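Shown next, in structure tokens, is the structure this report addresses.
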Amino acid sequence: MTQQSGSSGPGTPADRDTRILDDLRDAVERMHVLARSPRIVVASGTRTGGARPMAWQVLFERSFGGAVPPLAYRGTAATRLPAILADGHDSEPTLAAGWSHPRLGEAMAMGPVIQAFRADWLPDDVSRALMGVIVFEEDGLSLQGVRAIVQELGLR
77 MTQQSGSSGP
87 GTPADRDTRI
97 LDDLRDAVER
107 MHVLARSPRI
117 VVASGTRTGG
127 ARPMAWQVLF
137 ERSFGGAVPP
147 LAYRGTAATR
157 LPAILADGHD
167 SEPTLAAGWS
177 HPRLGEAMAM
187 GPVIQAFRAD
197 WLPDDVSRAL
207 MGVIVFEEDG
217 LSLQGVRAIV
227 QELGLR
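Using this note's numbering, read the sequence shown as starting at 77 and increasing by one per residue.
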């Protein structure tokens, strides 16, 4: 016997919708916006705990409101955070594959500090391309520590 549309058995569209809503709810509860320009977000917990990368990407991009240009994501080590916030990037962009990624999940594998750049401004205008940073509480990073750096640099 086949299942009818709208049923809530395992593997159904209703289960998928529930998982998506749970991921979004988890990300919203863990997301702390510390500055708006560039957007600095601290995500409580680790990259592997809780919401899947797509939920983080959707919430981050929607946090800008309105139309958002295509973003390129780059993950890096926790130690690079002060330089990123001061300089707008951790290293000069290249055209080589792997410097940045169109999906947040790919960048998350590179480190707990995720930079989001306007893809249409790379690689030529990296100094103005940084739209925001997502920081996961790993490798010594914490909400209080990131907040202190943001305040010290006068980011709002």
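Virtual Cβ for every residue (Gly too), placed ideally from N, Cα, C. Note that this is a predicted model, so its numbers are computed, not measured.
Beta-carbon within less than 8 Å of V202's beta-carbon, same chain only, minus the 5 sequence neighbours each way: which residues are those? Counted from its first residue, the sequence shown places residue 202 at position 126. Hits under 8 Å: G164, H165, E168, P169 and F193.
Grouping DSSP H, G and I as helix and E and B as strand, with all else coil, what is R231? One-based indexing of the sequence shown puts residue 231 at position 155. Checking the sequence shown, residue 231 turns out to be Leu, not Arg. It is coil, neither helix nor strand.
Can you give the beta carbon distance from V211 to Q191, rounded, assuming they're within the 8 Å contact cut? Here residue 211 is taken as the residue at index 135 of the sequence shown, counted from 1. Here residue 191 is taken as the residue at index 115 of the sequence shown, counted from 1. Actually they do not touch by this definition, with Cβ atoms about 10 Å apart.
What residue does the alpha helix (DSSP H) around G181 start on, and which one ends it? Mapped onto the sequence shown, residue 181 falls at position 105. Where G181 is concerned, the enclosing alpha helix (DSSP H) stretches over L180 to M184.
On the DSSP bridge list, what partners appear for V117? Translated into the one-based positions of the sequence shown, residue 117 becomes position 41. Note: V117 sits in a beta bridge opposite V109 and I210.
By the three-class DSSP mapping on this structure, what secondary structure does G87 have? Numbered from 1 along the sequence shown, position 11 holds the residue referred to as residue 87. Coil.
Cα-Cα separation, D99 to R128: Here residue 99 corresponds to residue number 23 of the sequence shown, with the count starting at 1. Here residue 128 corresponds to residue number 52 of the sequence shown, with the count starting at 1. When rounded, the distance between both Cα atoms is 6 Å.
What separation, rounded to the nearest whole angstrom, lies between the Cα atoms of Y149 and P178? What you label residue 149 is simply residue 73 of the sequence shown in a count that begins at 1. What you label residue 178 is simply residue 102 of the sequence shown in a count that begins at 1. Going from the Cα of Y149 to the Cα of P178 covers about 6 Å.
Terminal residues of the continuous alpha helix (DSSP H) containing F136? Here residue 136 refers to the residue found at position 60 of the sequence shown. Here the alpha helix (DSSP H) through F136 covers P129 to R138.
Distance check for G174 and G151, CA to CA, integer angstroms please. Within the sequence shown, residue 151 is the residue found at index 75, counting from 1. Within the sequence shown, residue 174 is the residue found at index 98, counting from 1. One C-alpha to the other measures close to 10 Å.
Output yes or no for whether 8 Å exceeds the beta carbon distance between Q133 and L180. Looking up residue 133 in the sequence shown gives position 57. Looking up residue 180 in the sequence shown gives position 104. It is a contact, given that the beta carbons lie within the stated cut-off.
Give me whichever residues DSSP pairs with V189 in a beta bridge. Within the sequence shown, numbered from 1, the residue matching residue 189 stands at position 113. T152 and V211.
For the putative contact between V226 and L161, defined by C-beta atoms under 8 Å, what is the C-beta separation to the nearest angstrom? Position 150 of the sequence shown holds residue 226. Position 85 of the sequence shown holds residue 161. Sure, about 7 Å apart at Cβ, within 8 Å.
Exposed or buried, which one is E228 when buried takes at least 16 other CB atoms within 10 Å? The residue given as residue 228 occupies position 152 in the sequence shown. Answer is exposed; the Cβ neighbour count stays below 16.
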